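Right, one structure below, let's go through it.
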Amino acid sequence: MSEFEPTIVAFFCNWCTYTAADLAGTSRLSYPPNIKIIRVMCSGMIDPKYVIKAML
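Residue numbering for the sequence shown follows the working numbering, beginning at 883 and increasing consecutively.
Written out as structure tokens, the structure reads:
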């Protein structure tokens, strides 16, 4: 039986956390394939319908 590996959805703010993720990519750092990054303009203004849609 295989080990459970959840899909992690991360909403990254264009002005803060996405820049760090981009820098990690240019530094050739990687993160697991089960992490899905969704870039948003402002993480404080995420519409709940986008969170629900990401989970489907």
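C-beta: ideal position from N, C-alpha, C; glycine also.
Bear in mind that the values here come from a model prediction, so they are computed numbers and not experimental data.
Rounded separation between residue i and residue j - CA only
| i | j | result |
| --- | --- | --- |
| residue 935 | residue 920 | 12 Å |
| residue 914 | residue 925 | 22 Å |
| residue 929 | residue 887 | 27 Å |
| residue 927 | residue 933 | 12 Å |
| residue 943 | residue 910 | Because the chain in this structure spans residues 883 to 938, residue 943 falls outside the shown range and cannot be described. |
| residue 907 | residue 918 | 14 Å |
| residue 892 | residue 884 | 24 Å |
Residue(s) in a DSSP beta bridge with residue i
| i | result |
| --- | --- |
| residue 890 | 917 |
| residue 922 | 895 |
Same chain, Cβ closer than 8 Å to residue i, neighbours up to 5 away in sequence not counted
| i | result |
| --- | --- |
| residue 896 | 921, 922, 923, 924 |
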